[in-house]
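Numbering (the UniProt record's numbering), first residue to last: 1 to 247.
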Ligand SMILES: [Zn+2]
């Protein structure tokens, strides 16, 4: 699956109707792939967001009890900017999300409810391209999402879900990993980039705690650099890159 670093990325499949994006924290999708999401919802596709935590441990100066609800509000506003109205939270604890059967079960349940053809997640590997160490929450949620895409289709793995009326869904055709150092596919980010900037900007409290830079300048330069870098392997078109696992 892995394309050599200089090889052009393939266009992401577009013959699907529903996607479910599963990540650990508020802002993971806005840093990772909101420009692609904007393009997809423009085209009439449904995208829902599922977050393992409310990101309540993400801001040093804010107690988790105040931070969680604030970040949930910012996440819902971010999602709305790119045409996503369904945002759900699993309420695992921020910073200490554990990879394991309970997390796989929670994600498989959501996949059975939403019945997506495409599942999206964020870099599940130990590092960001060998440069920076990844967080344990991203690793846990990314891996559990890759696993749950298969779990959701197996009647016998989580029979308690079937008893709750969640019938198996074996219709996930791909899991796309954003932020991968080994991307294989990409989506044109041109139409969605401006909304992706505004979507990231909705995490204003988080960004203001993170950097002294003007939030809009920060968001625009981050996403422009990211999409231009992917574009170098996508015919020069600004793009969001994914590592695509077919099923
Ligand atoms: Zn995160």
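Cβ coordinates follow ideal geometry from the N, Cα and C atoms, glycine included.
Presumed contact (8 Å Cβ cut-off) between residue 173 and residue 246, rounded CB distance | 7 Å
Per DSSP, cross-strand counterpart(s) of residue 104 = According to DSSP, which records beta bridges pairwise, residue 104 is partnered with nothing at all.
Reference residue 26; option with closest CA among 72, 63 and 40 = 72
Among residues of its own chain, excluding the 5 on either side of residue 126, which ones have a beta-carbon nearer than 8 Å to its beta-carbon?
-> 133, 134 and 139
Taking Cβ positions, are residue 161 and residue 219 nearer each other than 7 Å?
-> no
Where residue 234 sits in the DSSP three-state scheme = coil
Hey, how far is the Cα of residue 112 from the Cα of residue 169?
-> 5 Å
CB-CB length for residue 175 against residue 217, believed under 8 Å | So it is not a contact: roughly 34 Å between Cβ atoms.
Any alpha helix (DSSP H) of 4 or more consecutive residues that is wholly inside the segment 105-168 = 136-151 and 159-163
According to DSSP, is residue 178 helix, strand or coil?
-> strand
Identify which residue in 201, 64, 191 and 12 has its Cα closest to the Cα of residue 94.
-> 64
Residue 52 versus residue 7 - alpha carbon distance | 34 Å
DSSP state of residue 28 mapped onto helix, strand, coil = helix
Under the three-state reduction of DSSP, which class applies to residue 20: helix, strand or coil?
-> strand
What's the call for residue 187, buried or exposed, on a 16-neighbour Cβ count within 10 Å?
-> buried
Excluding sequence positions up to five away, which residues of its chain have a Cβ less than 7 Å from the Cβ of residue 205?
-> 59, 70 and 74
Report the rounded CA-to-CA distance for residue 182 versus residue 131, giving the unit in angstroms.
-> 13 Å
Mind checking whether the beta-carbon of residue 24 lies closer than 6 Å to any heavy atom of ligand 3?
-> As presented, the structure is devoid of ligand 3, carrying ligand 1 as its sole ligands.
Neighbour-count burial assignment, residue 11, 16 or more Cβ in a 10 Å radius = exposed
Let me know if residue 156 comes out buried or exposed under the rule of 16 or more other beta-carbons within 10 Å of its beta-carbon.
-> exposed
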